[in-house]
Amino acid sequence: MRRYIKAFGLQPHFSNYGVVRKISERRYGFIIDLVTGGDIFFHFSRVANLRQVNTVKLNDLVQYHDQPSLRNLENREAVKVTILRGIES
Numbered sequence: 002m003r004r005y006i007k008a009f010g011l012q013p014h015f016s017n018y019g020v021v022r023k024i025s026e027r028r029y030g031f032i033i034d035l036v037t038g039g040d041i042f043f044h045f046s047r048v049a050n051l052r053q054v055n056t057v058k059l060n061d062l063v064q065y066h067d068q069p070s071l072r073n074l075e076n077r078e079a080v081k082v083t084i085l086r087g088i089e090s
């Protein structure tokens with residue numbers, strides 16, 4: 002998907018969108034950014050619409066707002082995550 006976004010010049014339209022790729026039993030996970038391919042850490046408590054979607058699943062398409070991590074400035078951390086829909090692989 003990242004190749005198509007880059008090939009058609011859609012980077013401005015897909016900034017701050019990603020796909021959930023890793024989930025831990027401790028209620029946190031990682032989002033893979035659709036434009037850069039970087040990992041963004043998130044905690045389930047930061048999911049804005051968790052009551053409506055009921056759970057976070059792998060391959061869910063999400064929109065997020067991120068900031069540098071307070072623990073490690075090289076890493077990114079999502080401060081607000083909205084689940085848009087699941088993507089079937």
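If you read the sequence shown in this note's numbering, its first letter stands for residue 2, the second for the next number, and so on.
Each residue gets a CB set at the ideal place from its N, CA and C atoms; glycine is no exception.
The structure displayed is predicted, hence computed values, not measured ones.
Collapsed DSSP secondary structure at residue i in the structure displayed
i	result
LYS58	coil
PHE15	helix
Nearest to residue i (by Cα), restricted to the options the options
i	options	result
ASP34	TYR18, ASN55 and ARG52	TYR18
SER16	GLY38, VAL80 and VAL54	GLY38
LEU85	TYR65, PHE31 and ASN73	TYR65
ARG27	PHE42, PRO13, VAL36 and VAL20	PHE42
Neighbour flag for residue i against chain C, beta carbons, 7 angstroms
i	result
VAL57	You won't find chain C in this structure, because it holds only one protein chain.
For residue i: DSSP bridge partner residues
i	result
PHE42	PHE31 and GLU78
Where the alpha helix (DSSP H) through residue i begins and ends
i	result
ARG72	Run containing ARG72: none; DSSP gives neither H nor E here.
ALA49	Unbroken run through ALA49: none, as it is neither H nor E.
Distance cut-off 6 angstroms: residue i Cβ against heavy atoms of the ligand SAH
i	result
ASP61	Ligands are entirely absent from the displayed structure, and the ligand SAH is therefore not among its contents.
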